[in-house]
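S.K.:
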DNA sequence: TCCATTTTGAGAGTCTACTCTCATAATTAT
DNA sequence: ATAATTATGAGAGTAGACTCTCAAAATGGA
């Protein structure tokens with residue numbers, strides 16, 4: 577097993593082809609919808625053979641799916657111990673979002689919107705969603721010194737994810753929304769116990 | 577006139593056929609998985625032609641999907657005004673679940689598990705999920721005299737749904753769980769502001 | 001340059017959800 | 001009983017994701 581030097585022309589070309597296919601796919605999805613776009617069209621747009629598309633992306637769904645959460649989880653792990661779960665997620669979220677370049681963010685936006693909009697993709701991300709949820713829960717459990725199966729931890733995790741999803745859904749409908757700020761405020765609200773500001777009728 | 581049902585033989589037979597097809601489908605899905613079950617197999621099991629299956633259920637997914645939420649929303653609307661959003665949902669949830677017969681509950685359980693487990697179905701229920709979320713949010717907004725677009729209402733709705741989903745996911749893995757009780761406790765926990773019982777480190 | 005390895009295109013082929021048509025059978029009305 | 005309506009079965013057909021094979025082309029190493 578000799579280790580290769582740097583990336584040769586071959587590797588670079590592959591990466592380029594892969595990126596090209598994906599870019600064209602996303603463009604077509606955006607322009608004419610996911611279901612209405614055939615793999616053949618994507619191949620044509622990227623000027624490769626349909627079989628080549630499948631060589632790079634085992635399924636059509638994979639053209640959209642990207643695990644964007646590993647960095648998040650890593651950052652969460654590094655969050656200050658003195659923060660409670662919600663605060664930790666809040667800080668981490670802001671940090672991760674702030675670190676993105678405008679281009680990266682635009683790209684994420686595009687993908688997220690497709691995910692939240694197209695049933696097939698929402699489906700394909702089921703595992704992803706479950707995985708993220710499980711990972712966040714495990715991490716929060718560890719931070720709090722609790723068992724990962726602890727209902728309280730599960731509830732907190734669920735509430736955090738739920739607040740974020742609700743925001744995502746809203747934002748998919750109104751992309752002009754200031755996501756970073758909105759995320760922060762939403763998590764702050766959750767951290768404060770979700771008070772309804774004016775008419776507090778019955779305290780917890 | 578005899579107390580024969582208002583429907584003629586034709587209608588009754590149709591209902592029966594429909595139920596039979598669906599029952600066999602669910603059985604096969606449970607036994608060998610959703611994707612691994614072809615419509616042809618379902619037709620064979622129900623002793624009808626494949627085309628007949630499609631006559632009753634436009635798509636394979638429709639064999640599983642049922643809107644179970646209208647009754648929930650209706651009940652939510654009727655919940656006492658003095659309850660806060662979380663309490664209202666909690667009471668409603670308990671009420672709806674308690675009202676189910678064991679058979680109904682077993683049936684729901686089966687469907688829910690499929691929904692949470694099978695990507696295609698999770699996908700098909702996207703609209704449903706979004707709809708439920710929107711409806712619950714609108715209802716909560718109305719209860720609180722707030723605009724449906726209010727972020728605070730969105731957050732509360734998201735947290736409620738998130739807590740419930742988290743529970744569902746856990747329960748899909750461990751069906752022995754006492755769902756009704758667990759739901760109640762989870763919402764109670766949320767209502768209390770999601771405290772982590774032992775080590776409260778830093779209040780909001 | 002020459003050879004070995006890898007990538008690609010072309011295209012035939014599979015699988016399965018789903019559609020359509022039409023003849024036959026079952027049900028209902030008269 | 002007979003005619004009209006409706007449901008069903010049989011089966012051919014479509015679409016599109018995905019697989020497989022093989023020869024040609026591109027690339028890397030010598």
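Chains as they are written, first to last, in this note's numbering: chain A, 577 to 780; chain B, 577 to 780.
Backbone N, C-alpha and C define an ideal beta-carbon position, used for all residues, glycine too.
(1) Does any CB atom of chain B fall closer than 7 Å to the CB of residue 691 of chain A?
(2) 7 Å is my cut-off, CB to CB: does residue 734 of chain A come that close to chain B?
(3) Consult DSSP for residue 656 of chain A and reduce its assignment to one of helix, strand or coil.
(4) Could you run through the segment 735-750 of chain A and flag, in chain order, every residue whose CB is less than 8 Å away from some CB of chain B?
(5) Check each residue of the segment 614-642 of chain A: if its Cβ is closer than 7 Å to any Cβ of chain B, include it; give the result in chain order.
(6) Is it the case that the segment 613-632 of chain B contacts the segment 665-683 of chain B, given that we only count it when at least three CB pairs across the two stretches are under 8 Å?
(7) If contact is defined by three or more beta carbon pairs under 8 Å, each pair taking one atom from either stretch, is the segment 759-774 of chain B in contact with the segment 748-757 of chain A?
(8) Residue 585 of chain A: buried (16+ other C-beta within 10 angstroms of its C-beta) or exposed?
(9) How many Å lie between residue 591 of chain A and residue 600 of chain A at the Cα?
(10) For residue 729 of chain A and residue 716 of chain A, which I take to be in contact (beta-carbon distance under 8 Å), what is that distance rounded to the nearest angstrom?
(11) Who are the neighbours of residue 766 of chain A on chain B, taking C-beta pairs under 7 Å?
(12) Straight-line CA distance for residue 626 of chain A to residue 611 of chain A?
(13) Measuring only the C-alpha atoms, how far is residue 742 of chain B from residue 686 of chain A?
(14) With 7 Å set as the bound, which would you pick, yes or no: does the beta-carbon of residue 652 of chain B sit closer than that to a beta-carbon of chain A?
(15) Alpha carbon to alpha carbon, what distance is there between residue 613 of chain A and residue 778 of chain A?
(16) Are the beta-carbon atoms belonging to residue 668 of chain B and residue 655 of chain B less than 7 Å from one another?
(17) Helix, strand or coil for residue 722 of chain B, going by three-state DSSP, please let me know.
(18) Within the segment 649-707 of chain A, note down every full alpha helix (DSSP H) run reaching 4 residues or more, in order along the chain.
(19) Just by C-beta distance, which residues in the segment 590-606 of chain A are closer than 8 Å to chain B?
(20) Does DSSP put residue 596 of chain B in a helix, in a strand, or in coil?
(21) Could you pull the start and end residues of the alpha helix (DSSP H) that residue 745 of chain B belongs to?
(22) Enumerated in chain order, which unbroken segments of the beta strand (DSSP E) with a length of 3 residues or greater are wholly contained in the segment 587-633 of chain A?
M.R.: On the basis of the coordinates in this document:
(1) It does not: the Cβ of residue 691 of chain A has no partner Cβ on chain B nearer than 7 Å.
(2) For residue 734 of chain A, the answer is yes, since a Cβ of chain B falls inside 7 Å of its Cβ.
(3) In the three-state scheme derived from DSSP, where H, G and I count as helix and E and B as strand, residue 656 of chain A is classed as coil.
(4) Listed by position, the residues of the segment 735-750 of chain A near chain B (Cβ gap below 8 Å) are 735, 736, 737, 738, 739, 740, 741, 742, 743, 745, 746.
(5) Within the segment 614-642 of chain A, no residue qualifies.
(6) As far as the Cβ criterion goes, the segment 665-683 of chain B does not touch the segment 613-632 of chain B, which means the pair count is below three.
(7) Not touching, per the Cβ criterion.
(8) Answer is exposed; the Cβ neighbour count stays below 16.
(9) For residue 591 of chain A and residue 600 of chain A, the distance between alpha carbons rounds to 14 Å.
(10) Going by Cβ atoms, the distance from residue 729 of chain A to residue 716 of chain A rounds to 6 Å, so yes, they are a contact pair.
(11) In chain order, 731, 735 make up the part of chain B whose C-beta sits under 7 Å from the C-beta of residue 766 of chain A.
(12) Residue 626 of chain A and residue 611 of chain A have their C-alpha atoms roughly 16 Å apart.
(13) Approximately 26 Å between the Cα atoms of the pair.
(14) Under the Cβ criterion of 7 Å, residue 652 of chain B is not counted among the residues facing chain A.
(15) Because the pLDDT at residue 778 of chain A is just 40, under 50, the model does not fix this residue reliably, and the value given afterwards should be weighed accordingly. One C-alpha to the other measures close to 52 Å.
(16) Between residue 668 of chain B and residue 655 of chain B, the gap from beta carbon to beta carbon is short of 7 Å.
(17) In the structure shown, residue 722 of chain B falls within a coil segment according to DSSP collapsed to helix, strand and coil.
(18) Whole alpha helix (DSSP H) segments, 4+ residues: 661-675, 678-693, 695-700.
(19) Answer set for the segment 590-606 of chain A: empty.
(20) Under the three-state reduction of DSSP, residue 596 of chain B is assigned to helix.
(21) That run of the alpha helix (DSSP H) goes 727-749.
(22) Counting only runs of 3 or more, we get nothing.
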